[in-house]
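Some notes on the structure that comes next.
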């Protein structure tokens with residue numbers, strides 16, 4: 001972690017993305033097979049549903065050194081499990097407010113919807129998220145210091 | 001106050017003698033002046049131990065849950081046809097009934113297993129405020145006269161207004177009378193000041209990001225991780241807490257400061273839409289960590305986003321237990 005300072009011109013943010021198997025993961029796949037370029041800063045973690053994302057995953061990712069966390073699922077009404085993303089939306093609206101309230105930058109944790117046909121949008125989202133996190137610099141709050 | 005206490009004892013005796021309850025959870029005189037401790041009355045001869053005064057601070061819903069679940073565990077060894085139910089009577093003020101409602105909604109026990117003896121509440125004395133009012137000296141006597149409190153220390157007596165030393169949660173409480181009850185003792189209590197309920201939260205929201213973080217980190221720095229807040233909380237009843245899980249191990253056991261921050265953050269987030277603001281966690285904290293500033297934010301969000309207050313009625317479920325197509329979603333990120 002010691003090399004993570006903003007003055008370092010080579011610093012690149014690490015972004016963890018929790019994505020839904022049915023929509024965003026397929027969207028990412030589409031972006032891939034369509035050869036759409038997007039920043040390589042993101043690490044995708046495939047989950048069955050955005051509703052499967054425990055708020056703890058988001059906080060834990062921040063603690064373990066992610067500079068940004070993205071959660072992406074199906075658009076409301078299009079959930080494979082019917083209501084998973086609606087539960088997720090409630091959970092994350094409160095989580096984001098609470099993180100912001102204790103002083104974590106709002107742009108560190110982002111939530112979005114990307115469907116399986118939106119390869120273009122997926123690339124856009126990743127670009128946007130990377131830019132936002134880059135502008136914030138390395139995460140300092142809630143980050144575990146190993147030494 | 002004495003009148004309520006006498007009625008309480010009478011009702012308790014009647015319930016126990018009629019066999020309507022197996023045990024009554026209430027408050028009894030503590031070992032130190034100005035303190036009460038939860039007690040479990042099983043025979044009417046002991047009913048006179050029950051007290052009701054401004055020092056009754058703990059939320060008894062926690063004990064109701066524990067008693068019923070311990071009994072259920074012990075019944076596992078009995079043949080199914082021989083299993084019994086334990087009926088618990090509980091002395092409940094407004095916040096206690098909210099916790100009971102929450103536990104009922106979350107199917108922790110049945111309504112038939114409960115007999116709720118409702119008591120009106122005008123707030124309980126916050127231990128820290130009382131100590132400060134006594135000038136940090138050892139308190140050797142406490143006497144309540146109406147809305148005043150006489151505190152005796154080695155340095156003499158001092159007279160304090162009760163409403164100056166009640167818990168912050170009580171000052172702005174909107175549910176100081178029981179929401180559900182089987183038996184009601186005393187007359188309904190006068191309302192507190194619910195209009196100012198979210199003032200402290202709004203004030204905190206308006207601070208800068210750095211100020212907010214500094215306050216959060218500073219408060220969490222005090223935490224010694226005794227887990228008293230978790231143990232006192234009626235909404236914290238998981239048999240295995242995320243703290244004690246080790247596959248995966250969520251929280252390190254060392255002194256790393258972010259482990260404490262993450263533990264408190266997640267424990268509080270588990271209270272989203274479930275915290276009844278009884279103030280028990282703050283009251284039991286030996287280090288005086290200001291948890292309420294943060295917990296109240298979740299309460300405020302639950303109300304502002306989903307128009308829900310924890311334990312308000314048996315019908316309205318906690319906001320994270322239900323879903324709706326029409327929730328607000330300004331927080332969703334859309335790239336340009």
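Protein chains in written order, with my numbering: chain A, 1 to 147; chain B, 1 to 336.
All C-beta atoms in this analysis are idealised placements derived from N, C-alpha and C, irrespective of residue type, glycine included.
Distance, residue j Cα to residue i Cα
i, j, result
"residue 237 (chain B)", "residue 191 (chain B)", "30 angstroms"
"residue 69 (chain B)", "residue 234 (chain B)", "13 angstroms"
"residue 158 (chain B)", "residue 126 (chain B)", "17 angstroms"
"residue 72 (chain A)", "residue 93 (chain A)", "13 angstroms"
"residue 28 (chain B)", "residue 269 (chain B)", "33 angstroms"
"residue 322 (chain B)", "residue 145 (chain B)", "47 angstroms"
"residue 14 (chain B)", "residue 7 (chain B)", "11 angstroms"
"residue 90 (chain B)", "residue 30 (chain B)", "18 angstroms"
"residue 335 (chain B)", "residue 136 (chain A)", "17 angstroms"
"residue 61 (chain A)", "residue 18 (chain A)", "10 angstroms"
"residue 139 (chain A)", "residue 101 (chain A)", "16 angstroms"
"residue 320 (chain B)", "residue 227 (chain B)", "24 angstroms"
"residue 12 (chain A)", "residue 293 (chain B)", "35 angstroms"
"residue 48 (chain B)", "residue 279 (chain B)", "27 angstroms"
"residue 51 (chain B)", "residue 4 (chain B)", "9 angstroms"
For residue i, three-class secondary structure by DSSP
i, result
"residue 63 (chain B)", "helix"
"residue 46 (chain A)", "strand"
"residue 143 (chain B)", "strand"
"residue 201 (chain B)", "helix"
"residue 266 (chain B)", "helix"
"residue 9 (chain A)", "coil"
"residue 121 (chain B)", "coil"
"residue 17 (chain A)", "strand"
"residue 189 (chain B)", "coil"
"residue 126 (chain B)", "coil"
"residue 119 (chain A)", "helix"
"residue 128 (chain A)", "helix"
"residue 92 (chain B)", "strand"
"residue 143 (chain A)", "coil"
"residue 322 (chain B)", "coil"
"residue 317 (chain B)", "coil"
"residue 282 (chain B)", "helix"
"residue 33 (chain A)", "helix"
Which listed residue (the options) has its alpha carbon closest to that of residue i
i, options, result
"residue 108 (chain B)", "B:161, B:80 and B:64", "B:64"
"residue 325 (chain B)", "A:65, A:87, A:67 and A:47", "A:87"
"residue 62 (chain B)", "B:230, B:244 and B:320", "B:230"
"residue 264 (chain B)", "B:284, B:249, B:243 and B:278", "B:243"
"residue 44 (chain B)", "B:60, B:52, B:35 and B:10", "B:10"
"residue 67 (chain A)", "A:117, A:110, A:20 and A:82", "A:110"
"residue 139 (chain B)", "B:250, B:32 and B:113", "B:32"
"residue 16 (chain A)", "A:53, A:34 and A:69", "A:69"
"residue 38 (chain B)", "B:66, B:181 and B:199", "B:66"
"residue 266 (chain B)", "A:38, A:31, A:12 and A:59", "A:59"
"residue 172 (chain B)", "B:194, B:181, B:251 and B:156", "B:194"
"residue 332 (chain B)", "A:101, A:43, A:139 and A:76", "A:76"
"residue 274 (chain B)", "B:283, B:302 and B:288", "B:302"
"residue 329 (chain B)", "A:130, A:95 and A:46", "A:95"
"residue 60 (chain B)", "B:95, B:161 and B:277", "B:95"
"residue 56 (chain A)", "A:112, A:32, A:124 and A:91", "A:91"
Beta-carbon proximity list for residue i, same chain, < 6 angstroms, skipping 5 on both sides
i, result
"residue 144 (chain A)", "63"
"residue 141 (chain A)", "104"
"residue 49 (chain A)", "20, 81 and 84"
"residue 198 (chain B)", "300"
"residue 222 (chain B)", "287 and 289"
"residue 14 (chain A)", "66 and 67"
Residues bridged to residue i (per DSSP)
i, result
"residue 58 (chain A)", "Looking at the DSSP assignment, residue 58 (chain A) forms no beta bridge with any residue, so it has no partner."
"residue 113 (chain A)", "A:73"
"residue 158 (chain B)", "B:151"
"residue 28 (chain B)", "B:37 and B:50"
"residue 79 (chain A)", "A:82"
"residue 289 (chain B)", "Answer is none; residue 289 (chain B) lacks a bridge partner."
"residue 253 (chain B)", "In DSSP, residue 253 (chain B) forms no bridge with anything."
"residue 271 (chain B)", "Residue 271 (chain B) is not bridged to any residue."
"residue 51 (chain A)", "Answer by DSSP bridge pairing: none, since residue 51 (chain A) is not bridged."
"residue 332 (chain B)", "A:111"
"residue 68 (chain A)", "A:15"
"residue 23 (chain B)", "B:88"
"residue 95 (chain A)", "According to DSSP, which records beta bridges pairwise, residue 95 (chain A) is partnered with nothing at all."
"residue 114 (chain B)", "B:88"
"residue 171 (chain B)", "According to DSSP, which records beta bridges pairwise, residue 171 (chain B) is partnered with nothing at all."
Minimum Cβ-Cβ distance from residue i to chain D less than 7 angstroms
i, result
"residue 89 (chain A)", "As a matter of chain content, chain D is missing from the structure shown, whose protein chains are A and B."
Chain-order list of residues whose beta-carbon lies under 8 angstroms from that of residue i (same chain, five-residue window excluded)
i, result
"residue 313 (chain B)", "101 and 179"
"residue 117 (chain A)", "27 and 30"
"residue 232 (chain B)", "58, 59, 62, 280, 281, 283 and 284"
Residues near residue i in its chain [Cβ-Cβ closer than 7 angstroms; skip 5 each side]
i, result
"residue 297 (chain B)", "201"
"residue 271 (chain B)", "235, 295 and 298"
"residue 111 (chain B)", "104"
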